[in-house]
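**Student:** Structure provided below as structure tokens; questions to follow.
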Amino acid sequence: MTWPDDAVADGTASTPAHPSRVALFKAIRTDRTGPEATRLLQLAHDDAPFVRRGALNLLLDLAGERHWPEAVDAAEARLGDPDEAVRRQAAHFFGHHGEPAQVLAALGELTDPVVRTLLARALGPTAAQLTDDGLASVRFLAHLETLRAVPATRWHRLDTALLDDVREAAHHLDDLGRRWGRALYGLGREHETYALVARLLADPATRDIGADLAREACHDWRAAPVRLLPLLVRHRGRRVTPALDAALATAAISRAASRTHGSLLAEVPFAPSPRARQPASAPTAYDSTAAAALLATKPVGITRLAHAREIFAALLDAGPLTFRQAAQLYNLTFRRAGRSQAECAPLWLRHAGPAVLPRLLALMTPHLADYAIGESYLAGLARMGGHARPALPAVTALIDRRTRIPVNDSTRDAEMRLDENLLAAALTTRRAILADEVPQPHAQPSAPASPAPPTRTSPR
């Protein structure tokens with residue numbers, strides 16, 4: 010059995026999609042007591058540190074959600090390894106896959122501060138038992154976990170304990186500011202976060218921690234960039250650190266912060282966060298003849314259509330839709346949520362008249378906060394103008410949020426930018442609705458379960 014040894018030693022077992030990795034993973038996932046699994050466990054104790062590191066990495070990749078006692082034992086045996094990287098990998102594996110009682114017992118016996126900190130991080134809420142530990146980073150994690158779970162009457166005492174340990178704890182916790190920020194966000198302590206940032210930035214020994222916390226706050230709270238950008242500029246000074254520059258770049262993503270503090274930003278050189286590239290899309294012009302010809306090639310049951318807005322607008326400008334065209338617009342509007350629906354809803358309003366408005370708004374307003382398609386729906390409401398006034402509460406609720414809209418993107422800065430885009434779109438939509446005075450009935454009828462089919466119109 011030389012191929013597992015060779016694959017671990019030359020790194021091919023750690024190379025995505027490499028045949029050696031595929032074969033090893035298939036064999037071990039099929040039988041965790043088989044010869045391949047047994048050999049990989051043995052390689053975690055190899056004489057060469059790089060082999061031990063490779064074996065532990067593979068064990069971590071293979072562990073998944075299933076309990077693997079033999080791998081946990083192998084990791085525990087390497088917690089005191091002479092190689093620091095091996096100790097870190099072993100602590101990461103053992104902390105996340107060992108039983109909490111095992112991890113707590115190991116914490117009581119070990120002395121390496123890095124390993125002990127990694128184990129405490131992996132414990133999660135169980136770390137709250139360690140508030141009397143002798144290591145500041147472990148105590149900090151313990152107090153932070155305690156803070157998450159206790160009533161507000163105990164917050165002040167825990168805040169003090171965290172501040173007492175923050176300088177020393179930072180030696181072994183490289184993400185201290187981010188963790189602190191997440192805990193405060195979970196408790197809804199927005200203004201306490203701003204006060205803490207100011208205190209940490211004022212002390213050169215904790216300035217980078219304050220910058221990390223400020224950046225986390227900007228990711229979490231919409232008002233944070235406006236509140237914190239002047240502090241970041243003030244404390245940036247001559248000794249520029251990556252943490253301060255990163256926090257400043259993040260705060261500058263905020264349109265409100267850039268408007269409010271534009272003069273400050275102009276005086277401070279820093280690397281701005283890269284802007285997301287917007288796809289270039291020139292509007293396509295259609296006349297009614299070209300639009301009709303294009304729709305004639307599409308099925309009646311169509312639910313997606315590029316340039317639907319321009320196509321149907323050209324037809325509606327020329328006169329009423331044919332029955333077939335109306336059926337196509339109906340299916341685009343009512344059959345599937347997405348950009349086509351958002352574009353076509355104002356066109357269906359134009360075709361069918363204000364009586365269909367409640368149905369359209371019932372379709373559109375649930376999607377306003379969707380980071381993938383919300384801007385399209387907001388643009389649709391804006392095109393409806395004053396007709397969309399019943400949707401104002403939903404638009405205003407989007408604007409009035411204090412926290413960022415939960416989104417999923419490649420980085421926290423990118424996620425913040427998506428929220429900023431939605432906020433800007435909502436503000437534009439509100440202005441468009443309020444600027445267009447359309448008489449509204451005193452009461453809107455409730456939306457029916459399903460829209461009525463299109464009304465036949467005389468063909469052109």
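Count along the sequence shown starting at 1, add 9, and that's the number in the numbering used here. Think of the CB as a built atom: it goes at the ideal place given N, C-alpha and C, for glycine as much as any other residue. All figures in this text were calculated on a predicted structure; none of them were measured in a lab.
(1) Buried or exposed, going by whether 16 or more other CB atoms sit within 10 Å of the CB of residue 467?
(2) Can you give the Cα-Cα distance for residue 146 and residue 128, rounded to whole angstroms?
(3) Can you give me the Cβ contacts of residue 243 inside the same chain, cut-off strictly under 6 Å, excluding the 5 residues immediately before and after it?
(4) Mapping DSSP to helix, strand and coil, what is residue 47?
(5) One question on the structure: do residue 354 and residue 383 come within less than 8 Å of each other, judged by their Cβ atoms?
(6) Under 7 Å Cβ to Cβ from residue 214, same chain only, skipping five residues before and after it: list those, please.
(7) Tell me whether the beta-carbon of residue 425 lies closer than 8 Å to the beta-carbon of residue 411.
(8) Could you please give the first and the last residue of the uninterrupted alpha helix (DSSP H) stretch that includes residue 446?
(9) Using only alpha-carbon positions, find the residue among 321, 311, 268, 278 that is nearest to residue 294.
(10) Drop a sphere of 10 angstroms on the beta-carbon of residue 309, count the other beta-carbons inside from all chains shown, and report buried for 16 or more, exposed for fewer.
(11) What residue range does the alpha helix (DSSP H) around residue 336 cover?
(12) What is the rounded straight-line gap between the Cα of residue 100 and the Cα of residue 179?
(13) Is it buried or exposed for residue 166, if we count other Cβ within 10 angstroms and need 16 for buried?
(14) Go ahead and pull the three-state DSSP assignment for residue 77.
(15) For the pair the stretch 52-65 and the stretch 26-38, tell me if three or more CB-CB distances fall below 8 Å.
(16) Taking only runs of the alpha helix (DSSP H) that begin and end inside the stretch 342-376, which ones reach a length of at least 4 residues, in chain order?
(17) Which complete alpha helix (DSSP H) runs does the stretch 196-241 hold, if anything under 4 residues is left out?
(18) DSSP state of residue 298, grouped into three classes?
(19) Look at residue 71 and residue 34 and say whether their C-beta atoms are less than 8 Å apart.
(20) Give the straight-line distance between the Cα atoms of residue 445 and residue 249, rounded to the nearest whole angstrom.
(21) Leaving out five residues before and five after residue 10 in sequence, what residues of the same chain have Cβ atoms less than 7 Å from its Cβ?
(22) Looking at the structure shown, is residue 11 part of a helix, part of a strand, or coil, going by DSSP?
(23) If you drop the 5 nearest sequence neighbours on each side, which residues of the same chain put their C-beta closer than 6 Å to that of residue 462?
(24) Once the 5 residues before and after residue 53 are set aside, which same chain residues still bring their CB inside 7 Å of it?
(25) Would you tell me roughly how many angstroms separate the C-alpha atoms of residue 39 and residue 46, rounded to the nearest one?
(26) For the alpha helix (DSSP H) that contains residue 183, what are its first and last residues?
(27) Could you tell me if residue 419 is buried or exposed, where buried requires 16 or more neighbouring beta carbons within 10 angstroms of its beta carbon?
(28) Going by other Cβ atoms of all chains shown within 10 Å of its Cβ, with 16 needed for buried, is residue 183 buried or exposed?
(29) Work out the CA separation of residue 312 and residue 349 for me, nearest whole Å.
**Tutor:** So, from the data block:
(1) Residue 467 sits at position 458 when you count from the first residue of the sequence shown. Model confidence at residue 467 stands at a pLDDT of 35, short of 50, so the residue's coordinates are unreliable and nothing is read from them.
(2) In the sequence shown, the residue the question calls residue 146 occupies position 137. In the sequence shown, the residue the question calls residue 128 occupies position 119. Cα to Cα, the separation comes out at about 11 Å.
(3) Here residue 243 corresponds to residue number 234 of the sequence shown, with the count starting at 1. Excluding residues within five positions, none has a Cβ falling inside 6 Å.
(4) Along the sequence shown, one-based indexing puts residue 47 at 38. Correct three-state label for residue 47: helix.
(5) Start at 1 with the first residue of the sequence shown, and residue 354 comes out as number 345. Start at 1 with the first residue of the sequence shown, and residue 383 comes out as number 374. Contact: no.
(6) By 1-based counting over the sequence shown, the position of residue 214 is 205. Within the same chain, residue 214 has close Cβ partners 176.
(7) As a working mapping, residue 425 is identified with position 416 in the sequence shown. As a working mapping, residue 411 is identified with position 402 in the sequence shown. No. Outside cutoff.
(8) Counting from 1 along the sequence shown, the entry for residue 446 is found at position 437. No alpha helix (DSSP H) holds residue 446; DSSP gives it neither H nor E.
(9) Here residue 294 is taken as the residue at index 285 of the sequence shown, counted from 1. The option with the nearest alpha carbon to residue 294 is 321.
(10) The residue you call residue 309 lines up with position 300 of the sequence shown. Exposed, by the Cβ-count rule.
(11) On the sequence shown, residue 336 is found 327 positions in, with the first residue counted as 1. Element bounds for residue 336: 332-343.
(12) Numbered from its first residue, the sequence shown carries residue 100 at position 91. Numbered from its first residue, the sequence shown carries residue 179 at position 170. Answer to the nearest angstrom: the Cα atoms are 19 Å apart.
(13) Walking along the sequence shown from the start, residue 166 turns up at place 157. Per the 10 Å Cβ criterion, exposed.
(14) To locate residue 77, count along the sequence shown from 1; it is residue 68. Residue 77 falls in the coil class under three-state DSSP.
(15) no
(16) 348-361, 366-373
(17) 199-211, 216-229
(18) The residue labelled residue 298 in the question sits at position 289 within the sequence shown. Correct three-state label for residue 298: helix.
(19) As a first step, residue 71 must be located in the sequence shown, where it is residue number 62. As a first step, residue 34 must be located in the sequence shown, where it is residue number 25. In contact: residue 71 and residue 34 (Cβ atoms closer than 8 Å).
(20) Translated into positions along the sequence shown, residue 445 becomes position 436. Translated into positions along the sequence shown, residue 249 becomes position 240. About 49 Å.
(21) Position 1 of the sequence shown, counting from 1, holds the residue named residue 10. Bear in mind that a pLDDT of 48 at residue 10, under 50, signals an unreliable position, so the model cannot answer this.
(22) Counted from its first residue, the sequence shown places residue 11 at position 2. Note: residue 11 maps to coil in three-state DSSP.
(23) Walking along the sequence shown from the start, residue 462 turns up at place 453. At residue 462 the pLDDT is 49, less than 50, meaning the model places this residue with poor confidence and gives no usable figure here.
(24) In the sequence shown, counting from the first residue as 1, residue 53 sits at position 44. 61, 64, 65, 68, 83, 87, listed in sequence order.
(25) Counting from one through the sequence shown, the residue named residue 39 turns up at place 30. Counting from one through the sequence shown, the residue named residue 46 turns up at place 37. Computed Cα separation, rounded: 10 Å.
(26) Counting from 1 along the sequence shown, the entry for residue 183 is found at position 174. Per DSSP, residue 183 belongs to no alpha helix (DSSP H) and is neither H nor E.
(27) What you label residue 419 is simply residue 410 of the sequence shown in a count that begins at 1. Per the 10 Å Cβ criterion, exposed.
(28) The residue labelled residue 183 in the question sits at position 174 within the sequence shown. With fewer than 16 other Cβ atoms within 10 Å, it is exposed.
(29) Against the sequence shown, residue 349 aligns to sequence position 340. Against the sequence shown, residue 312 aligns to sequence position 303. So the two alpha carbons sit approximately 7 Å from each other.
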